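No gaps in the numbering here: position 364 of the sequence shown is 364 in the UniProt record's numbering, and each next residue is one more. Just so it is clear, CB atoms sit at the ideal spot from N, CA and C, and this is done for glycine as well. Quantities reported herein were computed from a predicted structural model and do not represent experimental measurements. Data block below; observations after.
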Amino acid sequence: MSDMVSNEFSGMISTIRDQTSCNRKGFQFKVQRNGYCSVIPFACLTVLFSILVTVLIVQQRSTTFKVNGGDAKINALAGGAAQTETPGFVGSGNASSQQLLDELFAPGHDKGSCLSRYEAILYRKPSSHKPSPYLLSKLRNYESLHNLCGPYTEAYNKTLEQLSTGREVSTTDCNYVVYTPLSGLGNRMLTIASAFLYALLTNRVLLVEFGSEIAGLFCEPFQQTTWLLPRDFPLRNQFDNFSQGYPRTYGNMLKSRVINTAVKSPPPPFLYIYLAYNIDRYDGLFYRDQNQDQLGKVPWLVIKSNQYFVPSLFLVPSFKQELSKLFPDEETVFHHLGRYLFQPSNEAWGLITRFYRAYLSKANETIGIQVRVFDPKATPFQTVMHQILSCTLKEKLLPEVLDVKNSAASSSNNQSMKAVLVTSLYSEYYEHIKGMYWTKPTVSGEVIGVYQPSHEEHEIYGNNMHSMKAWTDIYLLSMSNVLITSSWSTFGYVAQSLGGLKPWMLYRPFNGTTPDPPCVQAMSMEPCFHFPPSYGCKADVDIGPGAIVPHVKHCEDVEWGLKLVKDH
1 MSDMVSNEFS GMISTIRDQT SCNRKGFQFK VQRNGYCSVI PFACLTVLFS
51 ILVTVLIVQQ RSTTFKVNGG DAKINALAGG AAQTETPGFV GSGNASSQQL
101 LDELFAPGHD KGSCLSRYEA ILYRKPSSHK PSPYLLSKLR NYESLHNLCG
151 PYTEAYNKTL EQLSTGREVS TTDCNYVVYT PLSGLGNRML TIASAFLYAL
201 LTNRVLLVEF GSEIAGLFCE PFQQTTWLLP RDFPLRNQFD NFSQGYPRTY
251 GNMLKSRVIN TAVKSPPPPF LYIYLAYNID RYDGLFYRDQ NQDQLGKVPW
301 LVIKSNQYFV PSLFLVPSFK QELSKLFPDE ETVFHHLGRY LFQPSNEAWG
351 LITRFYRAYL SKANETIGIQ VRVFDPKATP FQTVMHQILS CTLKEKLLPE
401 VLDVKNSAAS SSNNQSMKAV LVTSLYSEYY EHIKGMYWTK PTVSGEVIGV
451 YQPSHEEHEI YGNNMHSMKA WTDIYLLSMS NVLITSSWST FGYVAQSLGG
501 LKPWMLYRPF NGTTPDPPCV QAMSMEPCFH FPPSYGCKAD VDIGPGAIVP
551 HVKHCEDVEW GLKLVKDH
């Protein structure tokens with residue numbers, strides 16, 4: 001049957017099979033109705049043929065998805081699943097919804113509200129990194145807690161009353177960590193995952209303030225409740241003032257001795273925790289065991305950060321045992337938590353799957369190239385382009401090309417096709433690579449297709465469609481077989497971790513020259529924590545993280561940054 005036969009047809013076939021027992025015997029079929037059997041020639045065949053004809057003559061609609069190489073028309077059967085056709089290369093017509101569900105998720109989710117949660121497995125290979133049974137148990141327990149304490153529950157309202165009145169805090173069943181947004185999409189996703197891990201470790205409920213720019217990008221991760229911070233949350237009007245200099249941050253209150261860990265006093269109803277790139281030594285005290293004891297008594301912690309601060313949680317002694325049970329393979333933290341929390345919404349999933357089916361599904365291999373240029377004036381296009389080609393050719397990620405005059409020498413029986421997916425704010429990199437492989441044959445005889453979903457020219461904050469395109473790019477990159485990313489890029493970090501990939505990282509060029517070597521393969525799939533606190537927690541001077549735990553190392557691309565690596 002052709003690739004365009006839809007999921008609806010497979011479901012109809014399954015229904016007929018359930019309702020009518022058809023056993024082939026020559027050209028006759030036994031049909032059982034109301035307990036009586038009769039032999040009806042071709043009866044079932046006629047039914048099946050009629051269904052097939054009906055499906056194939058359904059009015060088709062044509063959707064155009066703009067790609068820099070031109071317009072691609074994708075025909076989709078009319079109906080509710082039109083935006084998310086199942087790829088033809090997956091023989092899963094009769095798979096049940098639950099069979100398609102990643103083991104990270106609890107059964108019972110509404111498929112229609114989040115198609116990607118059930119269909120993602122059709123577009124990528126199952127992860128080779130299995131979550132620990134303890135992590136799965138912890139997630140199920142967290143879901144129960146979130147249902148108990150989520151917005152507008154009785155427990156939430158009770159805790160909120162203490163927050164609104166400012167009364168001294170009594171013991172509550174529900175404590176919270178609230179995420180407030182800072183920086184771009186990649187940073188936000190990394191911080192939300194960090195805050196969620198902190199919630200798991202401290203038995204808190206995570207609520208998130210997205211802002212309009214990323215509303216509608218993700219599915220709700222928890223059933224029958226929401227993780228979105230209610231609009232009437234009483235501290236919302238203070239969020240704009242929440243910065244490092246805000247007097248009510250935990251660091252500033254420690255500095256001014258408004259709070260003292262050595263003195264036992266009633267905990268405040270809430271605290272602001274500032275953990276962004278420019279934290280000082282007082283903000284960094286958040287990562288000390290002694291301070292965690294104090295913070296554990298505060299019902300509401302409001303976090304502002306643009307960092308992946310997970311590595312520093314692994315350096316908190318009281319979290320060590322729990323983390324070792326949750327993640328026996330330390331480099332899989334964001335891989336599991338990111339896939340659990342960040343499922344594309346139906347709108348985003350439509351963009352992702354239409355592009356994938358049109359341009360990437362037929363390739364034998366997909367090479368993702370993520371280009372992030374922080375200062376285009378200081379880093380000329382030719383320098384970055386030379387670095388990308390040096391990396392891909394040196395590491396044999398892409399084939400070399402022949403001079404046009406010698407094109408006859410490229411005749412080969414090699415019929416394989418590689419797709420190159422370029423994501424960048426700019427189109428020049430895509431145009432150059434596409435032109436190279438279009439105008440010249442490859443030495444190997446492979447066919448190279450080059451595609452770019454979008455190019456925005458500038459990073460735009462506060463724009464929802466810009467964020468939707470960025471999320472589409474990130475997810476498509478995560479579906480690659482091989483990934484090349486730019487140093488320092490949180491965009492690339494998210495893609496590599498979701499995909500379970502150890503990317504080839506392009507070193508950041510300085511002084512307009514191409515680095516030598518041009519790239520290095522990452523030691524783990526985990527993101528880098530760019531600006532960790534000083535580890536004067538154990539000494540008066542910085543000490544290497546390896547002196548504390550062996551699975552936290554300095555990053556390849558940020559020499560003072562920290563990342564998790566596999567310890568065995």
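CA nearest to the CA of residue 236, picked from 291, 263, 217 and 164: Residue 164 is the option with its Cα nearest to residue 236.
At least three beta-carbon pairs within less than 8 Å, the region 127 to 141 to the region 366 to 373: Short answer: they don't touch.
Separation of residue 557 from residue 257, as counted between CA atoms: Those two C-alpha atoms are separated by around 38 Å.
C-alpha gap between residue 296 and residue 304, whole angstroms: In a straight line, the C-alpha of residue 296 is about 18 Å away from that of residue 304.
Span separating the alpha-carbon of residue 399 from that of residue 385: Approximately 16 Å, taken between the alpha carbons.
Alpha helix (DSSP H) runs wholly inside the region 96 to 147, at least 4 long, in chain order: Counting whole runs of 4 or more residues, the region 96 to 147 contains the alpha helix (DSSP H) stretches 115 to 119.
Reduced DSSP secondary structure (H/G/I, E/B, other) of residue 564: Shown here, residue 564 sits in a strand according to DSSP, grouped into three states.
Helix, strand or coil at residue 39 [DSSP, three-state]: Unreliable placement is indicated for residue 39, whose pLDDT of 39 sits below 50; no coordinate value is reported for it.
The region 184 to 193 contacting the region 301 to 316, beta-carbon criterion three pairs below 8 Å: Result yes; three or more Cβ-Cβ pairs closer than 8 Å.
For residue 225, three-class secondary structure by DSSP: Residue 225: coil per DSSP, three-state reduction.
Rounded distance between the beta-carbons of residue 181 and residue 222, thought under 8 Å: Their Cβ separation, rounded to whole angstroms, is 20 Å, which puts residue 222 and residue 181 out of contact at 8 Å.
Residue 175 vs residue 205 beta-carbon contact at 9 Å: Yes, the pair counts as a contact, with Cβ atoms nearer than the cut-off.
Terminal residues of the alpha helix (DSSP H) in which residue 504 lies: Note, residue 504: premise wrong, no alpha helix (DSSP H); beta strand (DSSP E) at 504 to 506.
Residue 441 classed as buried or exposed, judged by whether at least 16 other C-beta atoms fall within 10 angstroms: By the neighbour-count definition (other C-beta atoms within 10 Å, threshold 16), residue 441 is a buried residue.
Short Cβ contact (9 Å threshold) for residue 213 with residue 114: No; because the gap between Cβ atoms is not below 9 Å, this pair is not in contact.
Neighbour-count burial assignment, residue 541, 16 or more Cβ in a 10 Å radius: Low local confidence applies: a pLDDT of 38 at residue 541 is under 50, so the model's placement there is unreliable, with the coordinate-based value given in what follows. With a 10 Å radius around the Cβ and a threshold of 16 neighbouring Cβ atoms, residue 541 comes out exposed.
Cβ shell of residue 199 (< 7 Å), same chain only, five flanking positions each side left out: So the qualifying residues of the chain are 177, 205 and 206.
Close beta carbons around residue 503, own chain, < 7 Å, minus the five adjacent residues each side: Result list for residue 503: 483, 484, 485, 492, 496 and 522, in chain order.
Residues of its chain near residue 647, where Cβ-Cβ distance is below 7 Å and the 5 sequence neighbours each way are ignored: Outside the modelled stretch of the chain, which goes from 1 to 568, sits residue 647, for which no answer is possible.
Separation of residue 471 from residue 217, as counted between CA atoms: Looking at the two C-alpha atoms, the distance is approximately 7 Å.
Minimum length 3: unbroken beta strand (DSSP E) runs contained in the region 192 to 257: For the region 192 to 257, whole beta strand (DSSP E) runs of length 3 or above, ordered along the chain, are 205 to 208.
Residue 657 classed as buried or exposed, judged by whether at least 16 other C-beta atoms fall within 10 angstroms: Residue 657 is absent from the model: the chain starts at 1 and stops at 568.
Beta carbon of residue 239 nearer than 9 Å to that of residue 160: Result no, Cβ atoms of residue 239 and residue 160 do not sit closer than 9 Å.
Limits of the alpha helix (DSSP H) - the one that residue 310 falls within: That run of the alpha helix (DSSP H) goes 310 to 313.
Inter-stretch contact at 8 Å, needing at least 3 Cβ pairs: the region 433 to 447 / the region 324 to 338: Contact fails between the region 433 to 447 and the region 324 to 338, because fewer than three Cβ pairs, one in each stretch, are under 8 Å apart.
Helix, strand or coil at residue 378 according to DSSP, with G and I counted as helix: DSSP places residue 378 in coil when its eight states are reduced to three.
Burial state of residue 39, where buried means 16 or more other Cβ atoms lie within 10 Å: Residue confidence for residue 39 is low, a pLDDT of 39 falling below 50, so the modelled location carries little weight; the figure read from the coordinates is stated next. Classification for residue 39: exposed.
Sheet register partners of residue 365 (DSSP bridge): When DSSP reads this structure, residue 365 sits in a beta bridge with 418.
CB of residue 147 within 9 Å of CB of residue 225, strictly: Yes, Cβ-Cβ distance for residue 147 and residue 225 is below 9 Å.
Contact belief for residue 312 with residue 122 at Cβ below 8 Å, rounded distance in angstroms: In fact, because the Cβ distance is near 37 Å, the residues do not count as touching under 8 Å.
Nearest residue (CA-CA) to residue 463, options 185, 402, 421 and 249: Considering only 185, 402, 421 and 249, the residue with the shortest C-alpha distance to residue 463 is 185.
C-alpha gap between residue 249 and residue 243, whole angstroms: If you draw a straight line from the Cα of residue 249 to the Cα of residue 243, it is about 8 Å long.
Buried or exposed (CB count within 10 angstroms, at least 16 for buried), residue 284: Buried, by the Cβ-count rule.
Nearest-angstrom Cα separation, counted from residue 403 out to residue 334: Just so you know, the alpha carbons of residue 334 and residue 403 end up roughly 44 Å apart.
Three-state class that DSSP yields for residue 392 in the structure shown: Helix at residue 392.
Residue 195 classed as buried or exposed, judged by whether at least 16 other C-beta atoms fall within 10 angstroms: The residue is buried, with at least 16 neighbouring Cβ atoms inside 10 Å.
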